[in-house]
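Asker: Protein chains in written order, with the numbering used here: chain A, 131 to 285; chain B, 110 to 359; chain C, 30 to 801.
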Amino acid sequence: MTLTFTLNGRKMSQEISPDESLLSVLRRCGCYSVRSGCDTSNCGICTVWVDGHAILSCSYPAPRAEGRSVTTMEGVRDEAQDLMTFLAEEGADQCGFCSPGFIMSVLAMLRELKDPTVDEMEQYLSGNLCRCTGYNSQHRAIVKLLEKRRDEHHV
Amino acid sequence: MAGSLQEAYELLLKSRQSRILAGGMWLRLGSTPISHAIDLSRLGLDTIQKTEDCLEIGAMVTLRQLECDVLTREAFSGILPTSVQSIVGTQFRSTATLGGSVYARFGFSDPVCALLSLRARVVFYKAGEMDLETYLASPPVRDILTCVRIPLSSQAASYQSLRHTRTDFPVLNLSLSRDEQGLHTLSVGARPMKAMRCREAESCLDCGDTEGALQAVRQLPYGTNMRAGAEYRQEIASVLLERALEEMKA
Amino acid sequence: MSENRFRAVNRAVPKTDAFSIMGGAPVYTGDMVPRDALTVLLLRSPHAFARVKKVHKDKAMLVSGVVCVLDHTDVPSHRYSNAGASYPGNNPFDRRILDEYARYVGDPVALVAAETEEAARKALKLIRVEYEVLQPVLDYETADTDPSVVHPEDNFVFQCDIGGDLEHNVLSTIQSDGGDFDAAYAACPIQLDETYHTMANQQAMMETFRTYSYLDQAGRLTLVSSTQITFHARRLVSQALGIPQAKVRVIKPRVGGGFGAKQSMGTELFAAVVTHLTGRPAYCCFTRQETCQCTNTRHAFRIRVRMGADLDGTVRALWVDSLENAGAYGEHAANVIGLSAHKTIPLCAKAEDWRFTGKVVYTNTTPGGAYRGFGATQGCFAVESTLNKLAVKLHLDPTLIRLKNIPEVGKPMSAYYGEVLQSCSLDRCIATGKKMISWDEKYAPAPFSKPSGPHRYRGVGMAVSMQGSGITATDNCSVTLRLDDGGFYTLLIGASDIGTGCDTILAQMAAEILQCDTEKITVSGVDTSYSPYDKGSYASSTTYITGNATTKAAKELLGKMYDAAAETLKVPREELFFDGESFSGRGARLTVFELGRDSVNRFQTWLSATASFSSPTSPPPFVAGFAEVEVDTQTGEVKLLDLVGVVDCGTVINKALAHVQAEGGFAQGAGMALYEQVHLTEEGKLSTNSFMQYKLPSRLDLPPIRIAFEESYEPTGPFGAKSIGEVVINTPSPAIMAAIQNAVGVTIQTLPATAEKVFMALRAAEGQKEIR
């Protein structure tokens with residue numbers, strides 16, 4: 131079957147099989163930031179947005195994306211620039227394999243919750259596992275980003 | 110992608126290997142081959158509405174909607190949002206649906222335990238409306254779950270669970286509600302078997318016999334799986350009930 | 030130490046590849062697979078122990094798109110080890126690519142290579158295997174008396190005598206002594222005898238095992254693989270396939286974590302054998318389930334500790350008796366067991382009379398392998414928990430017991446291969462950690478003395494640990510550093526950056542000596558065709574060993590640059606001044622750019638230097654770890670409130686990366702202590718084989734992990750540095766168990782401390798009270 135959808139702002143038509151996951155379609159479309167980590171919907175590495183909502187592309191049936199707008203890391207690199215800078219400063223990228231999915235979750239959170247508390251942040255991001263960092267450095271980076279945004283807002 | 114419930118139903122009956130696609134979260138984990146995955150995502154089953162006497166939640170309402178919707182947050186002491194907020198993570202809950210959880214009636218289900226204590230009813234396309242409790246006890250059904258109806262009679266409720274990690278399946282869960290007449294409904298799930306009501310404890314609570322209820326809840330059947338042993342589950346069932354009563358007092 | 034002593038090291042420098050990996054650039058193995066690569070899938074045994082009588086492949090072969098279906102009769106019969114370690118070593122050659130015996134649930138029996146994944150899946154289902162099902166050995170504690178023999182094959186090879194006895198499933202036995210344990214123990218007024226169990230934890234790096242292979246332009250079998258051991262993999266593949274090493278090439282791109290798992294091969298040979306036999310590119314990628322169940326885990330241990338002490342808490346006699354489950358294959362097992370004693374006993378430096386006995390057994394379970402800590406973690410849990418028990422028994426503060434016993438600089442450590450300790454700030458680490466966690470306010474010797482709510486009590490606990498920095502006199506690491514004609518430097522390394530940041534750290538070291546910014550040093554991944562030899566990334570060695578090679582090479586290159594500048598400028602070398610940008614003297618000036626340009630133009634020599642390092646010692650880094658918990662006595666739930674770690678890794682080379690290494694290590698240690706359960710079915714299948722069932726701590730399960738550094742200066746290390754990678758995982762288990770004991774008086778000696786275990790222990794303690 132043919133899937134017609136918007137990928138990172140561009141209209142796409144892609145031949146897919148009916149039981150395919152969105153993840154596999156996205157990788158075929160060249161979005162290599164979208165990766166599989168666990169196969170059981172537990173790790174958050176494959177996080178992308180469908181119509182602006184963060185979802186797990188490994189368990190999202192590709193046909194369901196028909197007519198919808200899908201966003202991957204490749205489509206938000208500009209928006210992610212500050213966050214990436216702070217993550218790099220903290221060394222929070224480590225192996226980097228989970229970073230794109232994590233960044234997609236953080237950006238979705240910041241669109242949904244303008245100024246989250248630490249508890250809200252941890253709750254929102256709890257579906258993004260990371261084995262390298264122990265999460266602390268990620269949190270420090272987000273806090274720095276929030277501070278920067280607050281400062282910009284005041285200016 | 111089904112265009113109507115009738116079309117979906119016909120597709121479902123066509124082959125034993127057809128499956129209704131709710132969230133799709135478990136699809137890749139099964140080993141049985143699936144010939145048709147029937148997607149209900151465009152049938153308008155994703156709304157939460159309040160009627161005169163019940164809250165009606167469409168089968169395709171996601172767990173995330175259940176968590177964030179103002180209607181579910183305000184009703185039943187907020188136990189529906191509480192019951193789902195430990196399920197894996199935000200992205201998972203954005204795709205997983207209530208219908209998927211209820212239809213599958215897994216023993217570990219958090220929302221099923223909460224719904225059972227709220228005396229929820231389930232509505233199927235062909236079989237019509239029935240008690241969730243009846244459905245939980247019934248043999249497998251080839252039908253389409255369209256919505257869940259929860260009577261608004263509950264006045265106070267509490268949902269409790271114990272987990273190894275905060276986003277793991279529960280070791281045990283327990284949900285308690287009390288209606289206008291002071292009557293209690295108590296369900297215990299992840300025993301690890303399916304959630305069930307504990308009528309003996311309910312009657313004790315109705316008469317104000319807390320001690321009796323704490324004893325009664327230990328008498329339910331409990332089992333052992335990799336998360337805990339039957340004996341431990343039995344012990345903490347009464348602790349969770351105590352915590353629920355404590356919370357409802359407050 | 031002044032802040033400005035260094036220019037490039039001892040700072041928080043972002044990783045050289047930070048933006049490409051975070052931005053999702055296609056830099057990992059799975060992102061670069063050739064379009065025409067065959068998909069390789071494995072058929073795995075449902076039995077824990079079985080002999081393969083016959084594999085019926087004919088139906089699978091008929092599936093359109095299937096290129097080959099292989100079983101043990103089709104692949105080379107050479108035995109080898111999956112373990113990446115220098116050769117010769119202690120790892121038995123006990124594997125074949127596909128074997129006649131399936132030795133655990135998930136052991137591969139047949140392999141399918143097909144044009145598409147769909148075809149490969151279809152074919153896999155059509156293979157029928159006739160098994161002779163055998164009685165498996167599932168309990169490692171009785172494996173040596175089990176009538177079943179896990180390795181009955183006649184071409185099993187021990188590389189050297191490690192005390193094996195295959196008839197009794199014994200892979201290795203080991204004993205070493207210092208002084209006279211028996212006499213010293215008998216003379217001690219305090220004697221403790223305790224037994225502990227640790228689990229077969231999952232490394233759980235986020236990128237599963239994956240390899241693709243092809244024949245390169247020279248017809249060499251080329252593997253692109255997610256590995257920690259690029260050069261060892263080349264040797265092991267050549268050994269398994271029976272082809273010369275010169276015909277094998279291995280490339281390591283970015284790697285999505287390893288933590289030791291990828292110190293053993295996983296997917297390499299399954300891709301390689303297909304390319305070797307068909308000439309076609311092939312890709313083998315393990316699922317998470319395969320990675321959990323069918324590669325390698327931490328080795329499960331039972332450790333019995335006998336500790337004799339004086340009344341003041343000085344440990345005089347110490348016997349560590351370790352039993353280790355190798356699982357079905359022996360990767361790293363005979364080396365891992367040694368660390369359970371040699372990296373724990375030295376922390377009781379006054380115990381001149383010590384003994385280490387160890388036994389490694391084969392069973393029909395998922396093979397063990399390397400996981401961060403490598404035996405020291407298991408040993409640390411046992412020995413440090415016993416020290417904490419000693420503190421309770423003597424009513425002494427456990428931090429003071431440590432200060433009485435820790436090793437001193439300048440003294441030889443007899444249980445640490447006699448090496449003389451040259452740097453240690455463990456006393457300062459303990460002092461700083463105590464301050465950070467407010468130990469003196471929080472530590473109350475009596476349990477139940479810190480109620481924090483109904484049925485809730487708090488407690489604190491601590492432990493110390495050491496690791497090594499590389500393996501003494503065993504491994505060689507080399508680097509090549511050159512000045513390129515654009516006036517920048519290229520650093521060629523064979524060390525495998527797996528997310529640890531060694532590409533950046535080594536570049537910082539070169540930059541420090543060449544007095545330039547780190548960005549001026551270009552570092553690439555590893556390719557055995559072009560990179561200098563390095564044993565790979567394991568044993569906490571890259572910063573120390575490859576770091577020493579890097580500083581050597583940088584100094585040599587700088588010397589050559591001085592010589593070339595002196596010759597060009599006709600100024601004596603001693604009068605030249607170098608500021609990182611240019612050489613100047615007697616009014617003349619030559620920039621690095623000009624030097625680079627001329628070196629490929631009119632000079633007789635290209636400016637480059639290659640240096641190697643193999644260390645005669647393995648200087649230990651140290652850590653003092655603290656934990657605070659709150660225990661609910663009604664349910665046994667343990668809430669982790671605080672984790673504090675103070676680390677002595679010598680000079681910190683990269684402050685950000687070292688900090689995150691430490692935080693990550695503590696997080697994994699906390700997972701091992703509280704959450705990560707391992708479960709086998711009765712048939713011996715690992716049921717905790719997914720992230721759904723094997724629970725890594727999420728961010729909701731961990732407190733803020735607070736790390737501090739107490740730098741020492743290791744005279745043999747680059748800029749005074751030692752290692753950090755492994756030591757940071759060791760202390761959470763004993764520290765958290767001690768905190769639980771401190772809170773509610775029960776001791777958990779089998780990990781992890783689940784609520785159920787704590788509850789049952791509390792109930793048993795309650796019962797004992799009633800009997801009294």
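Using N, Cα and C, we set each Cβ at its ideal position, and we do this for glycine too.
1) Helix or strand or just coil, what does DSSP make of E252/A?
2) Touch check for the region 720-737 of chain C and the region 237-245 of chain C: three-plus C-beta pairs under 8 Å?
3) G52/C and R207/A - do their beta-carbons sit closer together than 8 Å?
4) Going by CA-CA distance only, name the one from I185/A, Y254/A, C188/A and M239/A that's closest to A210/A.
5) Do T202/C and H484/C have their beta-carbon atoms positioned less than 8 Å apart in this structure?
6) Along the region 276-289 of chain B, where does the CB come closer than 9 Å to a CB of chain A? Name the residues.
7) Shorter than 8 Å from the beta carbon of S716/C to some beta carbon of chain B?
8) Could you check where the alpha helix (DSSP H) with F210/C kicks off and where it finishes?
9) Name the two residues that bound the continuous beta strand (DSSP E) containing C256/B.
10) Taking Cβ-Cβ distances shorter than 7 Å, what residues in chain A pair up with F201/B?
11) By DSSP, does F330/C sit in helix, in strand, or in coil?
12) Considering only C-alpha positions, which residue in the set C506/C, V344/C, S507/C and T501/C is nearest to L429/C?
13) Reducing DSSP to helix, strand and coil, say where E785/C ends up.
14) Report the CB separation of S293/C from A399/C in whole angstroms; it is logged as a contact under 8 Å.
15) Relative to the C-alpha of I272/A, which residue among L259/A, L217/A and I175/A is closest?
16) Candidates A540/C, A594/C and L605/C: which alpha carbon is nearest T579/C's?
17) When the cut-off is 8 Å and only beta carbons count, does H283/A lie next to chain B?
18) Is Q318/C helix, strand or coil by DSSP?
19) So, is A357/C buried or exposed, given that buried needs 16 or more other C-beta atoms within 10 angstroms?
20) Keeping to the same chain, check which residues put their C-beta closer than 7 Å to that of R801/C; ignore five residues upstream and five downstream.
21) Does DSSP put I550/C in a helix, a strand or coil?
22) So with CB distances below 9 Å, who are the chain A contacts of S719/C?
23) For F410/C versus T227/C, is the C-beta spacing smaller than 8 Å?
24) If we ignore side chains and look at the alpha-carbon of each, how far apart do E250/A and L259/A end up?
25) So, at 6 Å on beta carbons, what are the nonlocal neighbours of R487/C in its own chain, with the 5 sequence-adjacent residues on each side left out?
26) Flag T132/A as yes if its beta-carbon sits less than 8 Å from any beta-carbon of chain C, otherwise no.
27) Could you check where the alpha helix (DSSP H) with Y446/C kicks off and where it finishes?
28) Where does the unbroken alpha helix (DSSP H) through K88/C begin, and where does it stop?
29) Counting Cβ pairs, one atom from each stretch, are 3 or more of them under 8 Å apart for the region 58-74 of chain C and the region 297-308 of chain C?
30) Identify the continuous alpha helix (DSSP H) that holds V162/C and give its terminal residues.
31) For K668/C, decide whether its Cβ has a neighbour in chain D, counting only Cβ atoms nearer than 8 Å.
32) Please identify the residue among L354/B, P248/B and Q200/B whose C-alpha is closest to the C-alpha of L186/A.
33) Between V349/C and V334/C, what straight-line distance do the alpha-carbon atoms span, to the nearest angstrom?
34) Beta carbons nearer than 7 Å to chain B: which residues of the region 144-169 of chain C have them?
35) Drop a sphere of 10 angstroms on the beta-carbon of M131/A, count the other beta-carbons inside from all chains shown, and report buried for 16 or more, exposed for fewer.
36) Under the three-state reduction of DSSP, which class applies to N172/A: helix, strand or coil?
Answerer: Reading off the structure:
1) Helix, per DSSP.
2) no
3) Cβ distance < 8 Å, so R207/A and G52/C count as in contact.
4) M239/A
5) For H484/C and T202/C, no; Cβs fall outside 8 Å.
6) Answer in chain order: T276.
7) Judged by the 8 Å Cβ criterion, S716/C is in contact with chain B.
8) F210 to A216
9) L254 to P260
10) S171, L186 and G257
11) strand
12) V344/C
13) In the three-state DSSP reduction, E785/C falls in the helix class (H, G or I).
14) Going by Cβ atoms, the distance from S293/C to A399/C rounds to 7 Å, so yes, they are a contact pair.
15) L217/A
16) Among A540/C, A594/C and L605/C, the Cα nearest to that of T579/C is on A540/C.
17) no
18) Here Q318/C carries a helix assignment [DSSP, helix/strand/coil].
19) buried
20) For R801/C, the predicted model reports a pLDDT of 47, less than 50, meaning its position is unreliable; a value from the coordinates is still stated below. Answer for R801/C: no residue qualifies.
21) strand
22) C168, D169, T170 and N172
23) yes
24) Their Cα atoms are separated by approximately 16 Å.
25) Cβ within range, chain order: K479, S481, E659 and A772.
26) At a cut-off of 8 Å between C-beta atoms, T132/A does not count as an interface residue with respect to chain C.
27) Element bounds for Y446/C: n/a, residue is neither H nor E.
28) D87 to M90
29) yes
30) That residue, V162/C, is in no alpha helix (DSSP H); its beta strand (DSSP E) goes R157 to V162.
31) Checking the listed chains, one finds no chain D in this structure; the protein chains it contains are A, B and C.
32) Q200/B
33) The straight-line gap separating the alpha-carbon atoms of V349/C and V334/C is approximately 5 Å.
34) Cβ contacts with chain B: none found.
35) exposed
36) coil
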